Each structure stands twice: as C-alpha cells, then as structure tokens.
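Student: Questions regarding the structure given below will be posed in turn.
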Amino acid sequence: MVHRTSAIWLSLVLGPFASLSHARSVGPRDAVPEGYRAAPYYPTPHGGWLDSWKEAYTKAQALVSQMTLAEKTNITSGVGYWMGPCVGNSGSADRLGFPQLCLQDSALGVASADNITAFPAGITTGATWDKALIYARGVALGEEFRGKGTNVYLGPTVGPLGRKPLGGRNWEGFGADPVLQAKAAALTIQGVQEQGIIATIKHYVGNEQEMYRMYNVFQPGYSANIDDRTLHEIYLWPFAEAVHAGVGAVMTAYNAVNGSACSQHSYLVNGILKDELGFQGMVMSDWLSHISGVDSALAGLDMNMPGDTNIPLFGFSLWQYELTRSVLNGSVPMDRLNDMATRVVAAWYKMGQDKDHPRPNFSSNTRDKDGLLYPAALFSPTGQVNWFVNVQADHYLVARQVAQDAITLLKNNGSLLPLSTSAKISVFGTDAQVNPAGPNACGNRACNTGTLGMGWGSGVADYPYFDDPISAIRKRVPDVEFHNTDTFPSVDTPSPDDVAIVFISSDSGENSFTVEGNHGDRDNDKLAAWHGGDKLVQKAAEKYSNVVVIVHTVGPLVLESWIDHPSVKAVLFAHLPGQEAGESLTNVLFGDVSPSGHLPYSITKAATDYPDSIANLRGFAFGQVQDTYSEGLYIDYRSLNKRGIKPRFAFGHGLSYANFTFSDATIRPVTSLSLVPPPREPKGTTPSYPTTIPNASEAYWPDNFNRIWRYLYPWLDRDEADRAYAIGVAGEKKYAYPEGYSTVQGPGPAAGGGEGGNPALWDVAYEITVTVRNADDSTHAGKASVQAYLQYPEGIPYDTPVVQLRDFEKTRELRPGESETVTLRLTRKDVSVWDVELQNWVVPGSQGGRYTVWIGDASDRLFLACYTDTGKCEGGLKPPV
C-alpha cells in the first residue's frame, strides 16, 4: 500500500497529468515472453453459492435489495485519501444502517493509532514455527483492531512470498515457503476473524519486488510472468489456504501478472480466485492501484481503495459517480454491481459486524483529541477524532513470547551461550539501543536508527514503548560497557573470558520511501549488514576471544566475512521483534529459556548461489519492466537443493540449548486417493436481483446536500444522470468490451467446488506420528520444531523439487528426559501436483508409487523417513540433500 505522505508527493509532482488517470487503460501491453498469457475470464462468478456463507448472503441480499443505485456504488468505493479517520474509508448506506467501513493497516498492529501493541513482524512470527503462538497473535491482533473500531484488518501478507532475498516487503510475510506462509496466514485469519474483524489476504499476486511495482502516467507496473504450474504450487498456495480459512477480503497487488494489471486481471480474479478457489468475500484494490473503471469492474474488483484516481489531487474517481454513470449507460451490467455490493455486505454480516460493532475511536491523521474530520478537504469541519481507547490488555505477553520463540540460534561454538550474568560484557552497535529521538521519531519507521524492530512503510505500527536490548541487558548484568557506535572504538585489552555482544541490522520496506539509498528493496546495501555492521563484527572478533552477534534483520544476510572467525562463538537472529525486543532477547541470552526459533528462509554463502531471476532485482526499462519467473518451482531451498549448493544455514535451521531426538515414527493412510479429486458439487443458488437499468432518479444528488470538496460521492447531476440513462435504455452505448467478454454464469472448473478449491483437497491422506525426546543428558529444557518434508515418487512425469515442506509442529517445553508424541498430517493437496493440461490437482503416486515423508528439524537435517507404500518408517538415514 502507498502511504499517505507519498500520495501528497505524487500529487505535487504529477498533478498536471491528473486527467490522464481517467483513461480506461494505461495503453497497449508491453510484450511478455512467449508462453505467459493473461487469458480472459468472464463474467465474474456470483458469490453466495457455498453453505458456509449462505446465512451472510441471505442477509446481504435482503439489505442490498433495498439499496438505490447510488448506495450500491457508494459502498463499493472509498471516499478519498484523508477523508476519514482510517487509512481507507468506504462509502455507506446510512439510510439502511450500513455504515462506512474502516479499513486499517497494518499486518503487525493497528497503524497510526495510540494505546496499541506493536507486535513482532510476520517474518518473526514465521520463525517461531509454532501454530498455537501464531494463532494467539492473530487473536490479539483481532481484539485490538476491534477495540479501535475498525472493520477490516489489512493483513496478513503472503505476497511477497519471499522469492527474492532483496525484496522490500518480505518481512511482512511469514517466510520463503508456500506452506509456512499458508499455515501461518490461515491461523492468523482464524484468530482475527473470530474477533469479528474482516481479514484481508494480500497482495494478490506476484508482488515480489518493490521498485517499479506501480502503474503511473509514465510507466506501467512491472509484469510478474508466472507459468500456470508455478502459480498454483507456489504463489497461489497461501492464498488458497486463506480462502479455505474463510478470509473475508483479498487485496490485489500493484503489479501486473503476465502483462495484465492485477486490479483488472480477469483470469486471476474471476477465473482463479472467485471460481476455482470459490472466494466468497470482497476483492479490493491496493491503494491507488485502480487504473480503469469498467474494465476492473468486469474483471471482478469489488472495492476501490481509497477511491481516488492514481493521482489523488482534485477528488476524481474511476468509480463512485463514474460507476453510477457506467451502470446507467449500460457499460457495467447491473448484475455485476449487485454482486459487488452483496459481497461487501456479506463480509460485514459474516463477521457479525451488524451486532454492536464499535465505530472508529481514533484518527490516523492526528494524535490530538480534536481535529479535522476530512483532512484533505479544502474546508473541513472539526470535532473530536481521538478517544484514546487502550486496547493493549495483556497482549505484550503474546508479543514477547513471539519475539522470544522466534530467536534463532545459528551458531554456538563451545556452548558459549547461555551467558553468565557475572560475565564482563561489552556491547557494540547502535542497534542495541532504541532510537535516541524516540521509537516513533521516524514517520512510518522510514529510517534505521537504533534497534530495528520492524521494517518501514504501511506495514508498521507506532510503538507504545520500546523495551530495547541494552536496557534489558543492564537489568541482568552489573558490569556492562556499552559503545553506542557502529565503528569499532578504542578499548582496553579484554581478558580471555570477556564477552563482546555485537548488534547489527538490515532494513527494508515499501517503495514509498527511500532509506539510506534503499528504494524499499535492499538495492543499495543488498545482503550486507547496514552501517558497516560486518566490519564491526570483524573488528570485535580481532579484539575479543568471545563474540556474540545479534542480528535484527528483515531477511537473510551474507555472513561469510566473519562467520568462520574462531572468536565469533555465537550468532542469534532476532529478526524484527517489535516492542518487546529486550527481555525476549535476554531470556535467551542468559538461559531463562532455550532458543527455539528456526529460519523461515535459507542463508546462502553468496547471492550468486541463486539464479539471476531470484538473486537480482529487475532494473529500469522503457515501458513495462518484465520480471519472468524462469526458475519455476525452484526458489529458496528448492533452488539450492536442485543445484546441489549447500547454504551456510538451511531453511528451517535452528539450534537449541537442549538436545532432542526423534524416534518411534509411524505413518498410516487416512484417505484412499484417486488420480484426481472426486467430482465437485454443483454450485448452489446465489442472490437474484432485477437486472434492468434503474431509474436515473436513483443517481440524483439529494436536495440541499452540503458537499465537502474532494470527498468522493456516488451521485450525478440530474442532466448527467438522465443522459446516461437514455443511452443505457436505448442500448446505444458502444463500449469496447474485453476479449472473451460474456455475461453467462458458468458451472466452475473441476478444480473448484469449495472455499480454496475442491473440498477433497483437504482430506487427510497420511498421518505421521513421531516421538520427540529431550535427552537425559540435556542441561536445559526446550521446545523442538518438527518439520515434515515430502519427496515425490521416482519416475513420475512431473519435475518436482527434491523435498518440499508439507507440515510442522512445535512441542511444548520439554524438560531433560521428557518426551512428547507429535502428529503431522499430509492432505491430498500436499501429495498432488498441478497438471496444466487437466487443469486439476493430480496425485502422481495414486497407483502405488512411493512417497517418502522426511522428518527432522531443518530442511537439511532429515534423518528419519516414512514410506507410503510400505507404511514403515526408519531412522538413522543420510539426509536426501
């Protein structure tokens, strides 16, 4: 999402070109590579045909049936940037009791609000590999968004999926693997929506780079060129799981896919999301990504946010009054508008927001009690805008637990950790202390000053406080010397037992801001630590015999300049811990708990360990930048395994102070599998409305209405409405409908049939149990991460990665000698591949081929295998990679 301050900059720079934003499309598509096509798919499938949404749709139909044309167009669009308390404010149908909806960032806390919790980021949450903790964070987020009176939580993020290590917003998601992303997103959605808040899975799809992502008057957004199988098995996977979890909203990405902008991509939205995946909620544009009026409506977009054109200056919109006009003149069928409005209202009913749901009690625009009600208006009324409602409860405990259990121990030579509180400790690096100007001194966190707790951009929240590492260390250790500098200072010669703790960081964020030469993506510093952090570690290692490196980072770094130095005894990745950075770290450093985090991505020895399509960002091009996913299925550990390259630290890697063993594994088939899923059930009935063009009077401005300048309204002047209506009823409108346009509802593809796809895809195919034991000789309690990776049968006619993550579980804290039996499950979809000719999920081993389920605690530490053909398991094996 573009943040508000960037919108003003765009307005000032591009204001003279504002009228260009009214064009129906940006222009002819730039050529995409052969074989990558954005096929047309029309019409938009109606929502409401699934039993799980039937009650919500029945209520929505009753309400929408009473709405005028203008009320329907009003609730499907925002009313303009800065034209309400929230980052996005929809229109309303007040006459019928349907309120203005408050849509609010961010994925880690209520953005631009006070008295909230700044939770650890998504990447930190993924690093816990703990389903129960991921869900608990979702519950806490939902409680805070509800307490602040929002309707829509603009999260979680699974796009970017993390294909490119340099990608700017990878930290908002949960890791560079579709299954890790999918399970974490589904649990987050469950936790949030159980609190009555509509969750929004984003950004759909292929938003793997920040630079050149946005359409503007000079250049279209880049095209992510993705083949059908790769799309289904990698990038769609977490979206499908989110839909299966009942997510209420989907946000489209800024970029194009295969040459077509995501906000008007009929194949992605109509064909895959709404038909194949059976999505029943509403599809919204990302902020200022809406580039056409009629085309986007026909392609399945349901809500335009924040309502303005690409250049939000004078109060122009491609929808609102323009959508009203397009319906009256026959360009947009009434059938499509009815479905748009019904999807919006159904999501509201689905979350129970018709029953005592609070209204916004905060303002994203000011922290003062009183302020402008419509800050972007030329003349705005004022009033109370902030009520300072505290929604934190005891959520700091969840935040601290996530931050703590995500901390990933990569190296611990000589068991230097945990440290003794009696040790003489010297701390180096500005990342150890909160920004001296205050944790929120940099708007949108668009700086890397002090401890790095989150990236920058729209995915942030304001810190209510910041428990920084140096303060927490000083509470534990009486003899601490802190050097608040990233240049190694002159120090006295340490004793052999003295310990140096070096803090380094690497930041990234949204392309709305450039920080230290990094344009959202890490294009300047790349995979090196910021502020000369690698040199700081080297200098400390030259002076001290015992060096502990703490890394706060948005993603992987190349550590080769110091990782093998004999003095660098221990390395901890603390990721992005949010407000609870201090105690969560010292609990691990000093042994209150064992580290239990595991990497949600691989750390390579060099950027060139990946192919160019992954390793490098796409540079400037005249016309549309082409980003072709030529690596296909092979990203992160899949790519390294295929090419036989050993990473420095593998995906899933994480050490502990405890010593775990895995044994006594069993596997049993649960569901008999056919080659393809059983035939889907036919679609159920959907709401039905009159499809005739409504009377022009439904679009007239209300009498004596006091207009706010720049506020976006759905009404037309009488003569405009009458002219449009005359054209529509006469059938004179000569609109160039897209290729393949149709108004006939289809039965849906064979791969569909339920939320997320054919319901049989979630049938459990195999159940595996394994006993995890904390060895008797362990000196620490700890939690173990159990990871299940699938290896497909040999000889199948599909190219598959060597191993792929399919499930994971985390044990409770086990004392020395204590054990726990963990159950892992693989579904039909987990053992399938997407067949591009059948356009369905296929089980290539359904005729007796051997699948091997590898069990371990990292993608390269898989020593136990279970076989589906014999039902036997064995340990002590050589890992497959």
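Counting with mature numbering (1 follows the signal peptide of the UniProt record, and there is no 0), you get residues -23 to -1, 1 to 858 for the letters of the sequence shown.
Backbone N, C-alpha and C define an ideal beta-carbon position, used for all residues, glycine too.
Here the structure is a predicted model, which is why all the values come from computation and not from measurement.
Thinking phenylalanine 639 and leucine 576 are a contact (beta carbons under 8 Å), I'd like their distance in whole angstroms, please.
Tutor: Along the sequence shown, one-based indexing puts residue 639 at 662. Along the sequence shown, one-based indexing puts residue 576 at 599. Not quite, the Cβ-Cβ distance comes to about 19 Å (not below 8 Å), so this is no contact.
Student: With respect to 7 Å, is the separation between the Cβ of valine 808 and the closest non-hydrogen atom of the ligand PLP below this value?
Tutor: The ligand PLP is absent from the structure shown, which contains no ligand whatsoever.
Student: Considering only residues of the same chain and omitting the five flanking positions on each side of histidine -2, which have a CB-CB separation below 6 Å?
Tutor: Position 22 of the sequence shown, counted from the start, is the residue given in the question as residue -2. Residue confidence is low: histidine -2 scores 35 on pLDDT, short of 50, so the model does not pin down where it sits. No coordinate-derived value is stated.
Student: Touching or not, the region 816 to 825 and the region 747 to 761, by the rule of three or more beta carbon pairs under 8 Å?
Tutor: Touching, no, given that fewer than three Cβ pairs across the two stretches are closer than 8 Å.
Student: For leucine 782, report the span of its beta strand (DSSP E) as first-last.
Tutor: As a first step, residue 782 must be located in the sequence shown, where it is residue number 805. It spans 781 to 787 - the beta strand (DSSP E) in which leucine 782 sits, taken as one unbroken run.
Student: If you reduce the DSSP assignment to three classes, tell me which class tyrosine 714 lands in.
Tutor: Position 737 of the sequence shown holds residue 714. The answer is coil: DSSP assigns tyrosine 714 none of H, G, I, E or B.
Student: For asparagine 389 versus alanine 517, is the C-beta spacing smaller than 8 Å?
Tutor: If you number the sequence shown from 1, residue 389 lands on position 412. If you number the sequence shown from 1, residue 517 lands on position 540. Their beta carbons are not under 8 Å apart, which means asparagine 389 does not touch alanine 517 by this criterion.
Student: Serine 561 by DSSP, collapsed to three states: which one?
Tutor: Mapped onto the sequence shown, residue 561 falls at position 584. Three-state DSSP puts serine 561 in a helix.
Student: Restricting to Cα atoms, I'd like to know which of Gly152, Leu387, Thr563 is closest to aspartate 444.
Tutor: Taking the sequence shown and counting its residues from 1, one reaches residue 444 at position 467. The residue with the shortest Cα to Cα distance from aspartate 444 is Thr563.
Student: So which of Val379, Gln361, Ile384 has the shortest CA-CA distance to histidine 630?
Tutor: Start at 1 with the first residue of the sequence shown, and residue 630 comes out as number 653. Among Val379, Gln361, Ile384, the Cα nearest to that of histidine 630 belongs to Ile384.
Student: Considering only C-alpha positions, which residue in the set Asn751, Gly559, Leu138 is nearest to isoleucine 612?
Tutor: Along the sequence shown, read from residue 1 onward, the residue named residue 612 stands at position 635. That would be Leu138, whose Cα lies nearest to the Cα of isoleucine 612.
Student: Is the beta carbon of glycine 65 sitting closer than 8 Å to the one on serine 54?
Tutor: Position 88 of the sequence shown, counted from the start, is the residue given in the question as residue 65. Position 77 of the sequence shown, counted from the start, is the residue given in the question as residue 54. Not a contact, by the Cβ cut-off of 8 Å.
Student: Suppose you measure from the CA of glycine 568 to the CA of valine 524; what does that come to, to the nearest Å?
Tutor: Stepping through the sequence shown from its first residue, residue 568 is reached at position 591. Stepping through the sequence shown from its first residue, residue 524 is reached at position 547. Glycine 568 and valine 524: Cα-Cα distance of roughly 17 Å.
Student: Report all residues from its chain with a CB closer than 7 Å to the CB of proline 155; omit the five preceding and five following residues, and keep chain order.
Tutor: For this step, residue 155 is matched to residue 178 along the sequence shown. These residues qualify, in order along the chain: Leu138, Ile211, Trp214, Pro215.
Student: For arginine 1, which residues from the same chain have a beta carbon less than 8 Å from its beta carbon, with the 5 sequence-adjacent residues on both sides left out?
Tutor: For the purposes of this step, residue 1 is identified with residue 24 of the sequence shown, where counting begins at 1. Unreliable positioning characterises arginine 1 in this predicted model, as indicated by a pLDDT of 37, which lies under 50. The coordinate reading is nonetheless provided below. Contacts found: Ser269, Gly270, Val271, Asp272.
Student: Mind checking which residues open and close the alpha helix (DSSP H) that includes proline 446?
Tutor: As a working mapping, residue 446 is identified with position 469 in the sequence shown. Unbroken alpha helix (DSSP H) run through proline 446: 446 to 453.
Student: Is DSSP giving leucine 803 helix, strand or coil here?
Tutor: Counting from one through the sequence shown, the residue named residue 803 turns up at place 826. Reduced to three states, the DSSP call for leucine 803 is strand.
Student: By alpha-carbon positions, which one of Ala318, Phe291, Asn287, Pro289 ends up nearest to threonine 301?
Tutor: Position 324 of the sequence shown, counting from 1, holds the residue named residue 301. The shortest Cα separation from threonine 301 among Ala318, Phe291, Asn287, Pro289 belongs to Ala318.
Student: DSSP three-state label for phenylalanine 443, please.
Tutor: The count along the sequence shown starts at 1 and reaches residue 443 at position 466. Three-state DSSP puts phenylalanine 443 in coil, outside helix and strand.
Student: Within 10 angstroms of its Cβ, does aspartate 846 collect 16 or more other Cβ (buried), or is it exposed?
Tutor: Against the sequence shown, residue 846 aligns to sequence position 869. Answer is exposed; the Cβ neighbour count stays below 16.
Student: Excluding the five sequence neighbours on either side, which residues of its own chain have a C-beta within less than 7 Å of the C-beta of threonine 585, listed in chain order?
Tutor: Position 608 of the sequence shown, counting from 1, holds the residue named residue 585. Same-chain partners within the cutoff: Ala592.
Student: Whole-angstrom Cβ separation of proline 20 and threonine 663, contact assumed at under 8 Å?
Tutor: Indexing the sequence shown from 1 puts residue 20 at position 43. Indexing the sequence shown from 1 puts residue 663 at position 686. Incorrect: roughly 12 Å between the Cβ atoms, too far for contact.
Student: When you compare only the Cα positions, how much space is there between asparagine 245 and valine 194?
Tutor: Here residue 245 refers to the residue found at position 268 of the sequence shown. Here residue 194 refers to the residue found at position 217 of the sequence shown. Inspection of the sequence shows that residue 245 is occupied by leucine rather than by asparagine. So the alpha carbons of these two residues sit roughly 24 Å apart.
Student: How would you write the range of the beta strand (DSSP E) that glutamine 170 sits in, first residue to last?
Tutor: Counting from 1 along the sequence shown, the entry for residue 170 is found at position 193. Counting along the chain, glutamine 170 falls outside any beta strand (DSSP E), though it belongs to the alpha helix (DSSP H) covering 155 to 170.
Student: For a test of the three-state rule: what should DSSP assign to leucine 295, helix, strand or coil?
Tutor: Numbered from its first residue, the sequence shown carries residue 295 at position 318. Three-state DSSP puts leucine 295 in coil, outside helix and strand.
Student: Where DSSP assigns a beta bridge to lysine 855, which residues make up the other side?
Tutor: Taking the first residue of the sequence shown as 1, we reach residue 855 at position 878. Answer is none; lysine 855 lacks a bridge partner.
Student: Return the chain-ordered list of same chain residues with a C-beta closer than 7 Å to the C-beta of tyrosine 112, the five sequence neighbours on each side being excluded.
Tutor: On the sequence shown, residue 112 is found 135 positions in, with the first residue counted as 1. Excluding residues within five positions, the ones whose Cβ falls inside 7 Å are Leu164, Gln167, Gly168.
Student: Tryptophan 811: which of Met228, Ala728, Val747 sits nearest, CA to CA?
Tutor: Mapped onto the sequence shown, residue 811 falls at position 834. Among Met228, Ala728, Val747, the Cα nearest to that of tryptophan 811 is on Ala728.
Student: Rounded to whole angstroms, what is the Cα-Cα separation between isoleucine 52 and tyrosine 606?
Tutor: Within the sequence shown, the letter at position 75 stands for residue 52. Within the sequence shown, the letter at position 629 stands for residue 606. Spanning the two alpha carbons is a distance of roughly 37 Å.
Student: Please look up how many angstroms separate the CB atoms of methionine 431 and leucine 85, rounded, as I've assumed it's under 8 Å.
Tutor: Mapped onto the sequence shown, residue 431 falls at position 454. Mapped onto the sequence shown, residue 85 falls at position 108. Sure, about 6 Å apart at Cβ, within 8 Å.
Student: Under 8 Å by Cβ, that's how I've got alanine 37 and valine 322 pegged, so tell me the actual separation to the nearest angstrom.
Tutor: As a first step, residue 37 must be located in the sequence shown, where it is residue number 60. As a first step, residue 322 must be located in the sequence shown, where it is residue number 345. Yes, alanine 37 and valine 322 are in contact; Cβ-Cβ is about 4 Å, under 8 Å.
Student: Locate the alpha helix (DSSP H) running through glutamate 744, then write down its first and last residues.
Tutor: In the sequence shown, residue 744 corresponds to position 767, counting from 1. Note, glutamate 744: premise wrong, no alpha helix (DSSP H); beta strand (DSSP E) at 741 to 751.
Student: Please state whether DSSP places residue 860 in a helix, a strand or coil.
Tutor: The chain is shown from -23 up to 858; residue 860 falls before or after that span and cannot be answered.
Student: Beta strand (DSSP E) containing tyrosine 181: first to last residue?
Tutor: Taking the sequence shown and counting its residues from 1, one reaches residue 181 at position 204. Run containing tyrosine 181: 175 to 181, per the beta strand (DSSP E) assignment.
Student: Taking DSSP as the reference, what is the three-state secondary structure of lysine 546?
Tutor: In the sequence shown, the residue the question calls residue 546 occupies position 569. Three-state DSSP puts lysine 546 in a strand.
Student: Do you know how far the Cα of methionine 60 is from the Cα of tyrosine 351?
Tutor: Against the sequence shown, residue 351 aligns to sequence position 374. Against the sequence shown, residue 60 aligns to sequence position 83. Cα to Cα, the separation comes out at about 4 Å.
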